[in-house]
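Participant:
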Amino acid sequence: MITLTQEAAGKLRELIADKGSEDLAVRVFIKAGGCSGFSYGMALDEPKNEDNVVESEGVRVVIDPMSAPYLTGAEIDYVDTLTGAGFKIHNPNAVSTCGCGHSFRTADQADEPGYCDH
Numbered sequence: 001m002i003t004l005t006q007e008a009a010g011k012l013r014e015l016i017a018d019k020g021s022e023d024l025a026v027r028v029f030i031k032a033g034g035c036s037g038f039s040y041g042m043a044l045d046e047p048k049n050e051d052n053v054v055e056s057e058g059v060r061v062v063i064d065p066m067s068a069p070y071l072t073g074a075e076i077d078y079v080d081t082l083t084g085a086g087f088k089i090h091n092p093n094a095v096s097t098c099g100c101g102h103s104f105r106t107a108d109q110a111d112e113p114g115y116c117d118h
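Just so we're aligned, residue 1 is where the sequence shown starts under UniProt numbering, counting upward by one.
(1) Contact between the stretch 13 to 33 and the stretch 79 to 86: three or more CB pairs below 8 angstroms?
(2) Would the stretch 5 to 13 count as touching the stretch 52 to 61 if we require 3 or more Cβ pairs under 8 angstroms?
(3) What does cysteine 52 pair with, by DSSP beta-bridge criteria?
(4) Could you check the C-alpha separation between lysine 31 and aspartate 64 for me, to the nearest Å?
(5) How about asparagine 49 and leucine 71: do their beta carbons lie closer than 9 angstroms?
(6) Which of the three DSSP states, helix, strand or coil, is assigned to leucine 24?
(7) Can you check whether the CB of leucine 15 is closer than 9 angstroms to the CB of arginine 27?
(8) Just to confirm, are isoleucine 89 and alanine 74 a CB contact at a threshold of 9 angstroms?
(9) Considering Cα atoms alone, identify which of Gly37, Phe29, Gly84, Ala85 is closest to asparagine 52.
(10) With distances taken from CA atoms, which of Tyr40, Leu4, Thr83 is nearest methionine 66?
(11) Let me confirm a value: alanine 25 is counted as buried when at least 16 other C-beta atoms fall within 10 Å, else exposed. Which label applies?
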């Protein structure tokens, strides 16, 4: 469903260890909004019964049922460059993305783009 690069998994294991709870997983989700229609979100959270749970590179990733179809096949990377560091989602379901890289549009999405606040 979704995979992590070694760099992303290493950073996420570090963040989970800092929280001190082995029950935490990485929640990846989408929400309406952003300049291209949908925007990505990530949080440390405990899995819920309805979640899809996968393990990638030794890290549990949870995705809610509404977000799952939009994230199938996605890969999460962690990049650290001179201009900044953070997680980057490579999503094969996105037919276009905004310049800030935080929102995307799918082929069947009919919503008009919104304002990008990133």
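Quick reminder that beta carbons are idealized off the backbone N, C-alpha and C, glycines included.
Facilitator: By the coordinates alone:
(1) no
(2) yes
(3) Checking the sequence, you will find asparagine at residue 52 rather than cysteine. Per DSSP, Ile63.
(4) 11 angstroms
(5) no
(6) coil
(7) no
(8) yes
(9) Phe29
(10) Tyr40
(11) buried
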